[in-house]
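Reading through the structure tokens given below for one structure.
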Amino acid sequence: MIHISDLHLTDLSTVRPQKIRGKRRLGHFSWRGRRRYRHLPAHLEALRRAVLDAQPDFIVVTGDLVHIGLPSELAVAANWLAALAPPGKMLVTPGNHDLYAEDSWAACEGHLGDYLHLSPSSGEAGEAPFRRGFPSHVSLQLGAERHTADAKGTTDRPLGCLQAFHESVDGIELYGLNTGCPTPLGAASGRLGSGQRHRLERLMKQAPAGALKVVALHHAPMRGVMPGRKALIDADALEALLADAHLVLHGHGHWSRSYRCGAAQIFAVGSASTADAAFRQFDFHPQEGTVQVRMGLHVRAVDGDGFGLGEEAAFSVSTGR
Ligand SMILES: [Fe+2]
Numbered sequence: 079m080i081h082i083s084d085l086h087l088t089d090l091s092t093v094r095p096q097k098i099r100g101k102r103r104l105g106h107f108s109w110r111g112r113r114r115y116r117h118l119p120a121h122l123e124a125l126r127r128a129v130l131d132a133q134p135d136f137i138v139v140t141g142d143l144v145h146i147g148l149p150s151e152l153a154v155a156a157n158w159l160a161a162l163a164p165p166g167k168m169l170v171t172p173g174n175h176d177l178y179a180e181d182s183w184a185a186c187e188g189h190l191g192d193y194l195h196l197s198p199s200s201g202e203a204g205e206a207p208f209r210r211g212f213p214s215h216v217s218l219q220l221g222a223e224r225h226t227a228d229a230k231g232t233t234d235r236p237l238g239c240l241q242a243f244h245e246s247v248d249g250i251e252l253y254g255l256n257t258g259c260p261t262p263l264g265a266a267s268g269r270l271g272s273g274q275r276h277r278l279e280r281l282m283k284q285a286p287a288g289a290l291k292v293v294a295l296h297h298a299p300m301r302g303v304m305p306g307r308k309a310l311i312d313a314d315a316l317e318a319l320l321a322d323a324h325l326v327l328h329g330h331g332h333w334s335r336s337y338r339c340g341a342a343q344i345f346a347v348g349s350a351s352t353a354d355a356a357f358r359q360f361d362f363h364p365q366e367g368t369v370q371v372r373m374g375l376h377v378r379a380v381d382g383d384g385f386g387l388g389e390e391a392a393f394s395v396s397t398g399r
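Just so you know, the sequence shown maps onto residues 79 to 399 in our numbering.
Listed below in structure tokens is the structure:
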């Protein structure tokens, strides 16, 4: 499984600022001033090649595909995703830049479609439309049955291969949260809302015994990790739920760090399009009652388009069987 985030992949040079209003106008100004020099297509293309070379079984994208949530940007993002992997091999969770304005969600849903893996018929009366299909939920089977051997007994596929299902199977339960929502000028905060939190709690309790539970979201899930204007507003309530999760993947900070929240190991990954573009690769090896996890952080080499291993970690997760 590979984790990427904060692609900011669109070019706003053909968008006339006179044609856009409100917060989007300021976002366009920010892109012209700084962001277009920071998030470069060449970096993103190098990352795309490196990810394809790694032949991942599944890819998690934790938001901020675009800059100001324009429908035209989200159409470009959908094409970029399609060139990387089909929806059956990828889960996307939106970020604050994807849901930049009130009309952004309709474009997200329309263009990103199956990549969101929205849960059908979830949501409460009065709940915002952009929270209704979340958490998304994909079950990934650890591919022991795809672990084949030739006559000499050597393997041609490693353990840890993943295959996506929409019903629960023994393996990895992946939950995608939507923390993005339109915010006032100057704010890049997020919010889950009580309905989405309650559904996450229920889904994790329904997970098969022995499953590795992975939560993906854009914003940092703990208070104090990001400054207030970029924080997840209901992080405290989420933190209590993460006692039932094993791994958490997020973006938003444009940095690659790992830290803990109770028993859950949290991994943030940097932007996919900056000079220090990065992605994380996870390999999972199930054993009785535990899953052995190997994590590699791959970082773009400053003097070229290749990616090198910036950090490695190996740890064991008790899945309670
Ligand atoms: Fe963000």
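Beta carbons are placed, not taken as given, at the ideal position from N, Cα and C, and that holds for glycine. All of these numbers come straight from a predicted model, not from anything done at the bench.
- Ranked by how close their Cα comes to the Cα of residue 220, the residues 371, 162 and 172 have 371 in first place.
- Under the three-pair Cβ rule at 8 Å, the stretch 179-192 does not count as touching the stretch 265-285.
- Under the three-pair Cβ rule at 8 Å, the stretch 347-366 does not count as touching the stretch 298-310.
- Annotation for residue 385: the continuous beta strand (DSSP E) segment containing it runs 385-396.
- From the listed residues 352, 354, 397 and 343, the smallest Cα separation to residue 364 is found for 397.
- With fewer than 16 other Cβ atoms inside 10 Å of its own Cβ, residue 262 counts as exposed.
- Here residue 326 is near residue 320, since their CB atoms are less than 8 Å apart.
- By a beta-carbon distance limit of 8 Å, residue 187 does not contact residue 273. Their separation comes to about 17 Å.
- Relative to the non-hydrogen atoms of ligand 1, the Cβ of residue 314 never comes closer than 7 Å to any of them.
- What you get when you keep residues with a C-beta closer than 5 Å to any heavy atom of ligand 1 is 142, 173, 174 and 330.
- In the displayed model, residue 282 falls within a helix according to three-state DSSP.
- Within the same chain, 169, 214 and 216 come within 6 Å of residue 195 by CB-CB distance, once the 5 residues on both sides are set aside.
- Scanning 250, 96, 79 and 277 for the CA closest to the CA of residue 129 turns up 79.
- Residue 253 carries a strand assignment under DSSP once its states are collapsed to helix, strand and coil.
- Counting along the chain, the unbroken alpha helix (DSSP H) around residue 105 starts and ends at 101-108.
- The Cβ atoms of residue 380 and residue 353 lie closer than 8 Å to each other.
- Apart from sequence neighbours up to five positions away, the residues of its chain that approach residue 126 with a beta-carbon distance below 7 Å are 162, ordered along the chain.
- CA-CA distance, residue 165 to residue 193, rounds to 5 Å.
- Fewer than three Cβ pairs drawn from the stretch 385-393 and the stretch 274-284 lie within less than 8 Å of each other, which leaves the two stretches out of contact.
- Beta-bridge partners of residue 343 (DSSP): 325 and 338.
- Taking residue 275 as reference, the option from 257, 285, 296 and 291 with the minimal CA-CA separation is 257.
- The three-state secondary structure of residue 139, taken from DSSP, is strand.
- Going by DSSP, residue 364 is part of the beta strand (DSSP E) stretching over 356-365.
- The residue among 339, 373 and 329 with its C-alpha nearest the C-alpha of residue 316 is 339.
- Here DSSP, grouped into helix, strand and coil, assigns residue 125 to helix.
- Contact between residue 141 and residue 173 holds, with the beta-carbon distance rounding to 3 Å and staying under 8 Å.
- When only Cα atoms are considered, residue 297 and residue 171 end up about 10 Å apart.
- Across the set 133, 118 and 190, the C-alpha of 190 shows the shortest separation from the C-alpha of residue 152.
- In this structure, residue 148 and residue 260 do not form a Cβ contact; the two beta carbons are roughly 13 Å apart against a cut-off of 8 Å.
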